[in-house]
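Q: Protein sequences, first through last, are from chains V, H and S.
The numbering used here numbers the first residue of the first sequence as 12 and each following residue consecutively.
The numbering used here numbers the first residue of the second sequence as 19 and each following residue consecutively.
The numbering used here numbers the first residue of the third sequence as 12 and each following residue consecutively.
Glycine included, C-beta positions come from ideal geometry on N, C-alpha and C.
The model shown is predicted, which means the values in this text are computed figures rather than measured ones.
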Amino acid sequence: MWDTLINVERGQELVISIASGKGGTGKTTVATGLVQTIENCSYFDCDVEEPNGHILLQPSIEQTEKIYKPVPAINSDLCNCCGKCVDVCEFNALINIKFDIVIIEEMCHSCGACQHYCPHEALSMRRKEIGELRKGNTGNGVLFVDGVLKIGEPSAVPLIKKVIERVKPDVVNVLDSPPGTSCPMIEVAKNSDYCVLVTESTPYGLHDLVQSVDVLKALRIPFGVVINKFEDAFKDIVDYLEANDIDLLMTIPFDRKIAEAYSSGKIPAIFNNEERNKFEELFKRICSKVKTTGAEVV
Amino acid sequence: MCKTYKQIVVLSGKGGTGKTTISSAIASLLSNKVIIDCDVEAANLHLTLKPRVENKYDFYGGKKASIKQGKCIECGICESICNFNAIKNFQVNPYECEGCGFCYRVCPEDAISFELQLTGRYYKCDLHDGSKFYYARLEPGETNSGKLVSELKEKAISNINESVKWVVVDGPPGIGCPVNASLASADYVLIVTEPSKSAMNDSIRLIGLLRILKLRAGIIINKSDLNEEVCKAIEHYAFLENIPIIGRLPFDEQVIQSLREGKSIIDTNELYYLKMKDAIKLLKNEIRDHKNKLVEI
Amino acid sequence: MKIAVTSQGGSMDALLSERFGRCPYFVIYNTESAKFNVITNIGEQMQGGAGPKAAELVIKENAQVLLTGKVGDKAKDVLDRANIRVIDGFGEAISVRVALEEYLNNKIE
């Protein structure tokens, strides 16, 4: 698909996360655009609540694996409903109904305290399915991994952890983060060497960008910004970046054609030479940033 | 006091399809309402509605453990029992700690504290037309956004008086914990989608969740003329699922322009104003038609 | 028999609370002794899982019937497991006393 792919030196390991506070700013567009530019790289869709990378990258899925979280199970022959497990559960996942203990599995964080504190060894841990891990390849040799959270399962983090476990050594790994600034986003960002924040030229985009910047500063992850739906006349974001000495990595214009291409599942980089060059530039800039800031991070 | 209002929750699954734009339009077209922005990680509605903050509340999220250095004898038990690998070198990493309290209970020296954390704030506000608006801000990097959503909604709903007819909730993206919290006691869900394969994929997952929760829903297709093929696919899916399409809004660059100017789209665009008015009429009918029966979608 | 009623206040004349998991109080009425006691609902300050936790409280108090507005699915499952009869759909316009009378009279009829 590409004439010139950027060659990454063997043995060079790099984890780039693509994040944004606001949803729909173009994380997946940037992530998949980037993936197409780098030779021998892998893509991880960590937005397990709403994974969409597969729509743009269209990988052939070679392997699916069910993912489980441990939840307690009670052996009623041994349990006398003393309620010790209920007392130590911070998440209200265990309810004492006098003649039995009811387990509300959705609430369980798998901390294991209930099992540890049961005086009668009546608790064991069993597996509850929380989603699926899919592994495959895109036509041009990109390793593709995503997680699909089971609908109704409230906590995405355990599945995100499983996706990130598949990060490959010695290559460039691109992590497509879920939106927001809370646990799922942090789980992804903190596991990366560099984070690309994608925002858009609107007050909403700016407002949410500021919050994401705070998170990354607290996590001490180096980062830069891509402005999507870029509008020259809207200066607020560029001004903010300048005032705070934050790198502007790339801008993507606001164009109905890009929106149309995305809607039918196309990666902008594929059909436009100019965009493609921009993604190559983007990757080069990231590499240079990681090299210069790398010493502080490690 | 009987419940006099209906609660509409605006969701999309995928972010950026126009939840907040549509919510702000609904906010200005309905009277006797209370508006709640439940996207606490990326709250934006207040940027358009420009409310006057009347009251501020502290939010204490989950508890977190921390090791009291003087008391710790470095036995390492806490580290060995922590399932989240949050303890290393006799220190708790607050970003890894899930707040289960296991270490605090297990510590033989009572050297671990386990306290509630101030992790956000929420605001009760007045809008220009006198109605109430609530929004929240989760401190960046904090966890437990679902809890903040619950508390915010609790606060808003406990302050409702009899004159309120509508509660409009601008929801968060996704289908996880904060979405579940924003759906508590909803009467109707408004799904804002757009004709892209990603948005459709996400809407289908969202509808899956709504079915589990036995909630009724209607769909607004935003940017409806962006991709005719996908738009038809969404309409077809909605038809099979028996979910009404209550509005279609065409793609218009003016939308993003009014956003930049901090204005509601219905104030700057006559067509959107008329389309949103019709959509709200349909929405009201939908809710009224099913007044006393719980219909599964 | 004990009947639990979700309440906004700590007396028989307090208004009923439509909410179950986060009601401020439960009034527990004993039909044999015609006496009542009031318990504070710990779930009010709880952020997650308040419903099932409130159900636990009702079970602990040995109530056999619950009068309230709306009970969530998870709490309902817990109450069902403990064989507690749930009468929901009560509004907040009536007092605990009136709700109890309504229930007991209907039952006799």
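Report buried or exposed for Q47 of chain V, applying the criterion of at least 16 other Cβ atoms within 10 angstroms of its Cβ.
A: Residue numbering aside, residue 47 of chain V sits at position 36 when the first sequence is read from its first letter. It is buried - the Cβ of Q47 of chain V has at least 16 other Cβ atoms within 10 Å.
Q: Please report the Cβ distance between S193 of chain V and E133 of chain H, rounded to the nearest whole angstrom; I am assuming they are in contact, meaning their Cβ atoms lie under 8 angstroms.
A: Indexing the first sequence from 1 puts residue 193 of chain V at position 182. Indexing the second sequence from 1 puts residue 133 of chain H at position 115. So it is not a contact: roughly 20 angstroms between Cβ atoms.
Q: How about R92 of chain S: is its C-beta nearer than 8 angstroms to some C-beta of chain V?
A: In the third sequence, residue 92 of chain S corresponds to position 81, counting from 1. Cβ-Cβ to chain V under 8 angstroms: yes for R92 of chain S.
Q: For Y40 of chain S, which residues in the same chain have their Cβ closer than 6 angstroms to its Cβ, ignoring the five residues on either side in sequence?
A: In the third sequence, residue 40 of chain S corresponds to position 29, counting from 1. I14, F47 and L111.
Q: Given a threshold of 16 other Cβ atoms within 10 Å of its Cβ, counted over all protein chains shown, does E314 of chain H qualify as buried or as exposed?
A: Here the question's residue 314 of chain H lines up with position 296 in the second sequence. Any reading at E314 of chain H is ruled out, since the residue's pLDDT is 42, under 50, leaving its predicted position unreliable.
Q: Measure the alpha-carbon distance for A167 of chain V versus E113 of chain S and round it to whole angstroms.
A: Stepping through the first sequence from its first residue, residue 167 of chain V is reached at position 156. Stepping through the third sequence from its first residue, residue 113 of chain S is reached at position 102. Those two C-alpha atoms are separated by around 46 angstroms.
Q: Run through chain H and tell me which residues come within less than 7 angstroms of Q74 of chain V, C-beta to C-beta.
A: For the purposes of this step, residue 74 of chain V is identified with residue 63 of the first sequence, where counting begins at 1. Under the 7 angstroms cutoff, chain H gives no residues; its nearest Cβ is about 21 angstroms from Q74 of chain V.
Q: Would you tell me roughly how many angstroms separate the C-alpha atoms of T66 of chain H and I238 of chain V, rounded to the nearest one?
A: Position 48 of the second sequence, counting from 1, holds the residue named residue 66 of chain H. Position 227 of the first sequence, counting from 1, holds the residue named residue 238 of chain V. Straight-line Cα distance between these residues: approximately 21 angstroms.
Q: How many angstroms separate the CA atom of L16 of chain V from the CA atom of A133 of chain V?
A: Taking the first sequence and counting its residues from 1, one reaches residue 16 of chain V at position 5. Taking the first sequence and counting its residues from 1, one reaches residue 133 of chain V at position 122. Caution is warranted here: a pLDDT of 44 is assigned to L16 of chain V, below 50, making its placement in the model unreliable, and no coordinate value can be reported.
Q: Any idea if P130 of chain V is buried or exposed, counting beta-carbon neighbours within 10 angstroms, 16 or more meaning buried?
A: Within the first sequence, residue 130 of chain V is the residue found at index 119, counting from 1. With fewer than 16 other Cβ atoms within 10 Å, it is exposed.
Q: Please identify the residue among V:F290, V:H65 and V:L252 whose C-alpha is closest to the C-alpha of V224 of chain V.
A: What you label residue 224 of chain V is simply residue 213 of the first sequence in a count that begins at 1. Closest option to V224 of chain V, Cα to Cα, is V:L252.
Q: Can you list, in chain order, the residues of its chain whose CB lies under 8 angstroms from that of D296 of chain H, leaving out five sequence neighbours each side?
A: Along the second sequence, one-based indexing puts residue 296 of chain H at 278. Within the same chain, D296 of chain H has close Cβ partners G265.
Q: In the structure shown, what three-state DSSP assignment does V178 of chain V receive?
A: On the first sequence, residue 178 of chain V is found 167 positions in, with the first residue counted as 1. Three-state result, V178 of chain V: coil.
Q: Which one or two residues does DSSP pair with G138 of chain H in a beta bridge?
A: What you label residue 138 of chain H is simply residue 120 of the second sequence in a count that begins at 1. G138 of chain H is bridged to H:F77 and H:L156.
Q: Could you name each continuous alpha helix (DSSP H) segment of 4 residues or more that falls completely within the region 55-127 of chain H, going from the start of the chain to the end?
A: Runs found: 63-67, 95-99 and 120-124.
Q: Does the beta carbon of A45 of chain S sit closer than 8 angstroms to a beta carbon anywhere in chain V?
A: By 1-based counting over the third sequence, the position of residue 45 of chain S is 34. Cβ-Cβ to chain V under 8 angstroms: no for A45 of chain S.
Q: Among the residues of its own chain, which have a CB less than 6 angstroms from the CB of S84 of chain H, if the five just before and after it don't count?
A: For the purposes of this step, residue 84 of chain H is identified with residue 66 of the second sequence, where counting begins at 1. Only V110 and S131 meet the Cβ criterion.
Q: Would you call the CB atoms of I115 of chain V and C90 of chain V closer than 8 angstroms?
A: For this step, residue 115 of chain V is matched to residue 104 along the first sequence. For this step, residue 90 of chain V is matched to residue 79 along the first sequence. No. Outside cutoff.
Q: For L48 of chain H and D55 of chain H, which I take to be in contact (beta-carbon distance under 8 angstroms), what is that distance rounded to the nearest angstrom?
A: Sequence index remark: in the second sequence, residue 48 of chain H carries index 30 (1-based). Sequence index remark: in the second sequence, residue 55 of chain H carries index 37 (1-based). Contact doesn't hold; Cβ gap of about 15 angstroms is too wide.
Q: Count the other CB atoms within 10 Å of the CB of Q74 of chain V; is the residue buried (16 or more) or exposed (fewer)?
A: As a position in the first sequence, residue 74 of chain V is number 63, starting the count at 1. Classification of Q74 of chain V: exposed, given that the 10 Å Cβ count is below 16.
Q: With DSSP collapsed to three states, give me the class of Q25 of chain H.
A: One-based indexing of the second sequence puts residue 25 of chain H at position 7. Looking at Q25 of chain H - three-state DSSP - the assignment turns out to be strand.
Q: How big is the Cα-Cα spacing for R108 of chain S and Y23 of chain H?
A: As a first step, residue 108 of chain S must be located in the third sequence, where it is residue number 97. As a first step, residue 23 of chain H must be located in the second sequence, where it is residue number 5. When rounded, the distance between both Cα atoms is 26 angstroms.
Q: Between K89 of chain H and chain S, is the shortest Cβ-Cβ distance under 8 angstroms, so that the two count as touching?
A: By 1-based counting over the second sequence, the position of residue 89 of chain H is 71. False, the Cβ-Cβ gap to chain S never drops below 8 angstroms.
Q: Determine whether the Cβ of D111 of chain V lies closer than 8 angstroms to any Cβ atom of chain S.
A: As a position in the first sequence, residue 111 of chain V is number 100, starting the count at 1. Chain S, which has a Cβ nearer than 8 angstroms to the Cβ of D111 of chain V, makes this yes.
Q: Looking only at its own chain, which residues have a Cβ that is under 7 angstroms from the Cβ of K309 of chain H, when we skip the five neighbours before and after it?
A: The count along the second sequence starts at 1 and reaches residue 309 of chain H at position 291. In this predicted model, K309 of chain H has a pLDDT of only 48, less than 50, meaning its place in the structure is not dependable enough to derive any value.
Q: What does a CB cutoff of less than 8 angstroms around M23 of chain S pick up in its chain, not counting 5 residues either side in sequence?
A: To locate residue 23 of chain S, count along the third sequence from 1; it is residue 12. V38, Y40, F47, S106, V107, R108 and L111, listed in sequence order.
Q: Under the three-state reduction of DSSP, which class applies to E120 of chain S: helix, strand or coil?
A: Position 109 of the third sequence, counted from the start, is the residue given in the question as residue 120 of chain S. Any reading at E120 of chain S must be qualified, since the residue scores a pLDDT of 40, below 50, and its modelled position is unreliable; the value itself is stated next. Of the three classes helix, strand and coil, the one that applies to E120 of chain S here is coil, per DSSP.
Q: Could you tell me which chain V residues have their CB closer than 8 angstroms to the CB of T38 of chain H, listed as they occur along the chain?
A: Residue mapping note: residue 38 of chain H aligns to position 20 of the second sequence, counting from 1. Within chain V, the residues near T38 of chain H are Y215.
Q: I'd like to know whether the C-beta of E67 of chain S is nearer than 8 angstroms to at least one C-beta of chain V.
A: By one-based count along the third sequence, residue 67 of chain S stands at place 56. So, interface residue.
Q: Output, in chain order, the set of chain V residues within a Cβ distance shorter than 9 angstroms of I70 of chain S.
A: Taking the third sequence and counting its residues from 1, the one referred to as residue 70 of chain S is at position 59. In chain order: I106, N107, I108 and K109.
Q: If we ignore side chains and look at the alpha-carbon of each, how far apart do L227 of chain V and A30 of chain V end up?
A: Mapped onto the first sequence, residue 227 of chain V falls at position 216. Mapped onto the first sequence, residue 30 of chain V falls at position 19. Approximately 10 angstroms, taken between the alpha carbons.
Q: Would you please verify whether the beta carbon of V226 of chain V is less than 8 angstroms from any beta carbon of chain H?
A: Along the first sequence, one-based indexing puts residue 226 of chain V at 215. Interface residue, yes.
Q: Specify whether the region 183-201 of chain H and the region 291-304 of chain V touch according to this definition: at least 3 beta carbon pairs, one from each stretch, less than 8 angstroms apart.
A: Touching, no.
Q: Taking three-plus beta-carbon pairs below 8 angstroms as touching, is the region 26-43 of chain H in contact with the region 230-241 of chain H?
A: Touching, yes.
Q: Rounded to a whole number of angstroms, what is the C-alpha to C-alpha distance between D243 of chain V and Q275 of chain H?
A: Translated into positions along the first sequence, residue 243 of chain V becomes position 232. Translated into positions along the second sequence, residue 275 of chain H becomes position 257. The straight-line gap from Cα to Cα measures roughly 12 angstroms.
Q: Going by C-alpha distance, which of H:N162, H:L289 and H:S149 is nearest G138 of chain H?
A: Taking the first residue of the second sequence as 1, we reach residue 138 of chain H at position 120. Closest by alpha carbon: H:N162.
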